[in-house]
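> Could you have a look at this structure, given as structure tokens, before my questions?
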Amino acid sequence: MKIGASTLAGIDRTLAETLEFIENLGLDYAELVHQFPTETIDVDILESYNLKYSIHSPFMDVNIAALQDKSRLNSINQIKDSIDLANKINAEAVVIHPGLAPFLANKYFLDKVYETANSSIKELGEYGRDLGVLATIENMPTFDGMLYKNLEDLNELLTSLDMSMTLDIGHANHAGYSPEAMYFDSIKHIHAHDNFGDDDAHLALGEGSIDLKCIIGILEEKHYNGIYIIEVNDYDSIKKSYEYIKKNF
15 MKIGASTLAG IDRTLAETLE FIENLGLDYA ELVHQFPTET IDVDILESYN LKYSIHSPFM
75 DVNIAALQDK SRLNSINQIK DSIDLANKIN AEAVVIHPGL APFLANKYFL DKVYETANSS
135 IKELGEYGRD LGVLATIENM PTFDGMLYKN LEDLNELLTS LDMSMTLDIG HANHAGYSPE
195 AMYFDSIKHI HAHDNFGDDD AHLALGEGSI DLKCIIGILE EKHYNGIYII EVNDYDSIKK
255 SYEYIKKNF
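The sequence shown begins at 15 in the working numbering and counts up one residue at a time.
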């Protein structure tokens with residue numbers, strides 16, 4: 015198994031501190047959260063660690079489904095910056111959120127929001143493909159305004175575009191999916207965290223109610239060859255999650 019951790023757990027610390035923590039745990043991969051406070055990443059720092067990387071493109075103040083052209087184009091350009099960085103450091107994948115439908119757009123223009131999101135996703139997929147970068151789209155939790163909470167719809171879109179999915183196991187559980195229903199061939203990247211189904215809590219693995227042995231067992235049986243990124247809230251939860259994986263898999 016390829017196992018890594020997201021730098022989200024160290025969002026209140028320096029990137030160097032978090033990468034050192036991840037490396038010292040014995041993990042091989044780190045997922046760089048490419049937005050404030052690490053909007054600018056020094057490649058020299060990355061090269062000082064024996065880690066391989068994936069990148070989570072910006073999702074704060076970013077919406078590729080925005081109906082306002084200037085907002086959408088700015089969001090796309092920010093994500094293209096992440097794809098450029100991935101190309102520069104030979105990152106294994108870039109994770110992209112599919113966008114949001116704010117209140118009025120959700121009420122009156124939801125079809126147009128999805129049309130806009132799909133166009134943006136296609137553009138970013140093609141941009142990544144031209145650079146040899148795997149651009150993946152992440153399924154969302156069940157919160158108002160989130161797009162692509164439905165795994166079947168996301169898989170259908172990505173299959174039609176010859177693109178890949180980041181399966182966020184916690185988000186899928188929050189949306190009511192059983193472990194058996196979470197698997198799709200389009201999955202090339204994983205976000206792993208736990209919850210009780212009532213919130214997107216990003217708990218350490220084994221601290222919630224998700225049948226992780228089942229879903230990870232299915233992924234391994236299907237010869238999933240991507241990275242499992244532990245995406246939790248703090249350093250201690252990374253450590254607990256890694257211990258859970260070593261114990262159970």
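The beta carbon of each residue, even a glycine, is placed where N, CA and C say it ideally should be.
Would you decide whether Tyr122 is buried or exposed? Buried here means 16 or more other CB atoms lie within 10 Å of its CB.
Tyr122 is exposed by the Cβ-count criterion.
> Report yes if the C-beta distance between Ala107 and Lys202 is below 8 Å; otherwise report no.
Cβ distance < 8 Å, so Ala107 and Lys202 count as in contact.
> Measure how close the beta-carbons of Gly139 and Met196 come, nearest whole angstrom, since I'm counting them as under 8 Å.
No, Gly139 and Met196 are not in contact; Cβ-Cβ is about 22 Å, not under 8 Å.
> Whole angstroms are fine: how far does the CA of Lys260 sit from the CA of Phe73?
C-alpha separation (whole angstroms): 31 Å.
> Quick one: what's Val108 bridged to in DSSP?
In DSSP, Val108 forms a bridge with Ile69, Ala149.
> Would you report the Cα separation of Thr173 and Ile230, rounded to the nearest angstrom?
If I take the Cα positions, the gap works out to 22 Å.
> Check Gly18 in the structure and name its three-state DSSP category.
DSSP places Gly18 in strand when its eight states are reduced to three.
> Taking buried to mean at least 16 other C-beta atoms within 10 Å of its own C-beta, is Asp5 buried or exposed?
In the structure displayed, the chain extends from 15 to 263; residue 5 sits before or after that span and is not available.
> Does DSSP put His207 in a helix, in a strand, or in coil?
In the structure shown, His207 sits in coil (DSSP, three-state: anything other than H, G, I, E or B).
> Alpha carbon to alpha carbon, how far is Asn169 from Leu145? Give it in angstroms, no decimals.
In a straight line, the C-alpha of Leu145 is about 23 Å away from that of Asn169.
> Below 8 Å, can you find three or more Cβ-Cβ pairs linking the region 28 to 37 to the region 52 to 66?
Verdict: yes, contact present.
> Quick check on this structure: which residue in Glu45, Leu165, Tyr141 has the alpha carbon closest to the alpha carbon of Asp95?
The option with the nearest alpha carbon to Asp95 is Tyr141.
> Rounded to whole angstroms, what is the Cα-Cα separation between Ser85 and Val76?
Their backbone Cα atoms lie some 8 Å apart in a straight line.
> Quick test of the definition: if touching needs 3 or more C-beta pairs under 8 Å, does the region 214 to 222 touch the region 230 to 248?
The region 214 to 222 is in contact with the region 230 to 248.
> In chain order, what residues of the same chain lie with their CB nearer than 6 Å to the CB of Ile224, ignoring the 5 residues before and after it?
Correct list, in chain order: Asn187, Asp208.
> Within this structure, are the beta carbons of Ile241 and Gly24 separated by less than 8 Å?
Result no, Cβ atoms of Ile241 and Gly24 do not sit closer than 8 Å.
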